[in-house]
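Down below is the structure, laid out as C-alpha cells.
Right, dumping it as C-alpha cells:
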C-alpha cells in the first residue's frame with residue numbers, strides 16, 4: 016500500500032486539508048486510511064482552547080471524523096459512544112481501573128451511542144442509567160444490568176412538559192422548555208412523531224445515592240448546565256464529566272466547572288469532557 020506523504024500538505028490551509036480528507040474518505044480502503052492520517056495530522060495542529068469556540072468545535076468535528084474512519088475499518092467494536100467518547104475517556108483516565116462507578120443521565124435505550132456501557136460490560140463497573148422516555152426506558156431495562164431509573168433530572172423537583180419523540184429523531188426527547196435544544200428540529204420536521212406529556216422531575220441528589228462517581232455522562236438535550244449547577248460538589252466526588260453541548264456559542268460549561276476544580280480535556284463530537292484536578296494532572 017502506498018503511504019501518504021503528509022509533507023505535501025504542510026503549510027496548506029486546514030480547510031483544504033479537510034476537504035481532501037473528506038474526498039478520500041468516500042473512496043476505497045486505501046483512500047480511507049489516508050483520510051484517517053490527514054484527520055489525525057490536522058487534529059495535532061489544533062490547540063485545545065476552550066475559549067476559542069471555532070477551534071473547540073473543529074476539534075470535536077475532527078474527533079468525529081476520525082471515529083467514523085475507524086468504524087469503517089471495524090476498529091473499536093467494544094466501544095459504543097457516538098464519537099468515541101468512551102474509548103478516549105478510558106484510555107486517558109481509566110485504562111486499568113476495574114470496579115468503578117458511572118452515572119449516565121440520558122441513557123436512551125442503553126445501547127445506541129451509550130457512553131457508559133463499555134465500562135459496565137468490559138470493565139466490571141457498577142452504575143446507574145437514567146432515562147425519562149418511557150418507550151426507551153423499557154428497552155434500557157432489558158439491555159443493561161446496572162441499576163436503571165425512569166426519570167427526568169433537573170435542578171429542582173417540578174412539574175414539566177416532556178416531549179417524547181416516538182418516530183424519527185428518537186434520541187432527541189427532552190423537557191420542553193427554553194433550553195430544549197431540539198425544539199425547532201422536532202417540530203418542523205414532519206418525519207418526527209412525538210407526544211407531549213406532563214411529568215414530575217427528580218433531582219440529582221435524590222436520584223444518585225452513591226457519592227463517589229468515577230464518570231458522569233450527561234446528555235439531556237439542553238438541560239445539562241441546569242443539572243450540573245444543582246450538584247453539590249462538596250458532597251459528591253466526581254472524577255470525569257462529559258456533557259453534550261449542541262450550542263457552544265451560548266453555553267459555557269468551563270466557567271462553571273472551573274470553579275469546582277475541573278479542567279477542560281477536549282471536545283469529542285458534540286460532547287465536552289472535563290476532569291477533576293484533584294485526581295488527574297494532565298497539564
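Residue numbers (this note's numbering): 16 to 298. Backbone N, C-alpha and C define an ideal beta-carbon position, used for all residues, glycine too. For clarity, every value in this text was computed on a predicted model and none was experimentally measured.
- Query: Is residue 216 near residue 162, with beta carbons less than 7 Å apart?
  - Reply: Along the chain shown, one-based indexing puts residue 216 at 201. Along the chain shown, one-based indexing puts residue 162 at 147. Cβ distance not < 7 Å, so residue 216 and residue 162 don't count as in contact.
- Query: Quick one, which of 76, 34, 49 has its alpha-carbon nearest residue 281's?
  - Reply: Within the chain shown, the letter at position 266 stands for residue 281. Taking only the C-alpha atoms, the option nearest residue 281 is 76.
- Task: Would you grab the beta carbon distance between residue 257 and residue 287 for me? Rounded to a whole angstrom, and I think it's under 8 Å.
- Result: Position 242 of the chain shown, counted from the start, is the residue given in the question as residue 257. Position 272 of the chain shown, counted from the start, is the residue given in the question as residue 287. Contact flag correct, Cβ pair sits at about 7 Å.
- Message: Only counting the same chain, and skipping five residues up and downstream in sequence, which positions put a Cβ closer than 6 Å to that of residue 36?
- Response: Translated into the one-based positions of the chain shown, residue 36 becomes position 21. The answer, listed in chain order, is 50, 53, 54.
- Task: Can you give me the Cβ contacts of residue 121 inside the same chain, cut-off strictly under 6 Å, excluding the 5 residues immediately before and after it?
- Result: If you number the chain shown from 1, residue 121 lands on position 106. Excluding sequence positions up to five before and after residue 121, its CB lies within less than 6 Å of the CB of 234, 235, all in the same chain and listed in chain order.
- Message: If I measure Cβ to Cβ from residue 283 and keep anything under 7 Å in the same chain, skipping five residues before and after, which residues do I get?
- Response: By one-based count along the chain shown, residue 283 stands at place 268. So the list reads 75, 78, 98, 99, 100, 103, once near-sequence residues are dropped.
- Message: According to DSSP, is residue 44 part of a helix, a strand, or is it coil?
- Response: On the chain shown, residue 44 is found 29 positions in, with the first residue counted as 1. Helix.
- State buried or exposed for residue 62, treating a residue as buried only when at least 16 other CB atoms are found within 10 Å of its CB. Locating residue 62 in the chain shown gives position 47, counting from the first residue. Answer is exposed; the Cβ neighbour count stays below 16.
- Message: Please confirm whether residue 157 has its beta-carbon closer than 7 Å to some beta-carbon of chain D.
- Response: The displayed structure is made up of one protein chain only, and chain D is not part of it.
- Query: Taking DSSP as the reference, what is the three-state secondary structure of residue 241?
  - Reply: Here residue 241 is taken as the residue at index 226 of the chain shown, counted from 1. Reduced to three states, the DSSP call for residue 241 is helix.
- Task: Identify the continuous beta strand (DSSP E) that holds residue 278 and give its terminal residues.
- Result: As a first step, residue 278 is located in the chain shown; it is residue number 263 there, counting from the start. Annotation: the continuous beta strand (DSSP E) that includes residue 278 extends over 277–283.
- Could you check the C-alpha separation between residue 135 and residue 274 for me, to the nearest Å? Numbered from 1 along the chain shown, position 120 holds the residue referred to as residue 135. Numbered from 1 along the chain shown, position 259 holds the residue referred to as residue 274. Cα-Cα distance, rounded: 30 Å.
- Item | Beta-carbon proximity list for residue 205, same chain, < 6 Å, skipping 5 on both sides | The residue you call residue 205 lines up with position 190 of the chain shown. Its pLDDT being 46, under 50, residue 205 is placed unreliably by the model, and the measurement read from it follows with that caveat. Closer than 6 Å at the Cβ level, and outside the excluded window around residue 205, lies no residue.
- Message: So, with DSSP's three-state summary, where would you put residue 81?
- Response: The residue you call residue 81 lines up with position 66 of the chain shown. Residue state, collapsed to three classes: helix.
- According to the Cβ coordinates, are residue 65 and residue 269 closer than 7 Å? The residue you call residue 65 lines up with position 50 of the chain shown. The residue you call residue 269 lines up with position 254 of the chain shown. Judged by their CB atoms, residue 65 and residue 269 are nearer to each other than the 7 Å cut-off.
- Item | Distance, residue 149 Cα to residue 295 Cα | Reading the chain shown from its first residue, position 280 is the one you call residue 295. Reading the chain shown from its first residue, position 134 is the one you call residue 149. CA-to-CA, the gap between residue 295 and residue 149 works out to about 37 Å.
- Message: Can you tell me where the beta strand (DSSP E) holding residue 162 begins and where it ends?
- Response: For the purposes of this step, residue 162 is identified with residue 147 of the chain shown, where counting begins at 1. Here the beta strand (DSSP E) through residue 162 covers 162–164.
- Could you name the residues of the same chain whose beta carbon sits closer than 6 Å to that of residue 228, not counting the 5 residues immediately before and after it, in chain order? Within the chain shown, numbered from 1, the residue matching residue 228 stands at position 213. Once the five neighbours on either side are set aside, the close Cβ partners of residue 228 are 116, 118, 253.
- Residue burial classification, residue 68 (beta-carbon count within 10 angstroms, cutoff 16): Taking the chain shown and counting its residues from 1, the one referred to as residue 68 is at position 53. Answer is exposed; the Cβ neighbour count stays below 16.
- Is the beta carbon of residue 128 sitting closer than 7 Å to the one on residue 158? Locating residue 128 in the chain shown gives position 113, counting from the first residue. Locating residue 158 in the chain shown gives position 143, counting from the first residue. Taking the C-beta atoms as reference points, residue 158 is found no nearer than 7 Å to residue 128.
- Task: Please report the residue range of the alpha helix (DSSP H) in which residue 141 lies.
- Result: Taking the first residue of the chain shown as position 1, residue 141 is located at position 126. Where residue 141 is concerned, there is no enclosing alpha helix (DSSP H), although the beta strand (DSSP E) around it starts and stops at 141–145.
- Item | For residue 165 and residue 141, believed in contact at Cβ under 8 Å, the rounded distance | Looking up residue 141 in the chain shown gives position 126. Looking up residue 165 in the chain shown gives position 150. With 8 Å as the limit, residue 141 and residue 165 do not qualify as a contact, their Cβ atoms being about 19 Å apart.
- Among 218, 241, 249, 243, which has the Cα closest to the Cα of residue 226? Walking along the chain shown from the start, residue 226 turns up at place 211. For the residues 218, 241, 249, 243, the minimum Cα distance to residue 226 belongs to 249.
- Put residue 254 into one of helix, strand or coil per three-state DSSP. As a first step, residue 254 is located in the chain shown; it is residue number 239 there, counting from the start. The answer is strand: DSSP assigns residue 254 an E or B state.
- Task: Please name the residue in 56, 94, 171 whose C-alpha comes closest to that of residue 221.
- Result: If you number the chain shown from 1, residue 221 lands on position 206. The candidate whose alpha carbon is nearest that of residue 221 is 171.
- Query: Using the rule of at least 16 other Cβ atoms within 10 Å of the residue's Cβ for burial, across every protein chain shown, is residue 237 buried or exposed?
  - Reply: For the purposes of this step, residue 237 is taken as the residue at position 222 of the chain shown. Buried is the call here.
- Where does the unbroken alpha helix (DSSP H) through residue 220 begin, and where does it stop? Taking the first residue of the chain shown as position 1, residue 220 is located at position 205. Element bounds for residue 220: 219–222.
- Message: One question on the structure: do residue 139 and residue 114 come within less than 7 Å of each other, judged by their Cβ atoms?
- Response: In the chain shown, residue 139 corresponds to position 124, counting from 1. In the chain shown, residue 114 corresponds to position 99, counting from 1. Taking 7 Å as the Cβ cut-off, residue 139 and residue 114 qualify as a contacting pair.
- Message: Restricting to Cα atoms, I'd like to know which of 57, 133, 266, 86 is closest to residue 44.
- Response: Start at 1 with the first residue of the chain shown, and residue 44 comes out as number 29. Comparing Cα-Cα distances from residue 44 to each of 57, 133, 266, 86, the minimum goes to 86.
- Between which two residues does the beta strand (DSSP E) containing residue 233 stretch? Within the chain shown, the letter at position 218 stands for residue 233. Segment 227–233, the beta strand (DSSP E) holding residue 233.
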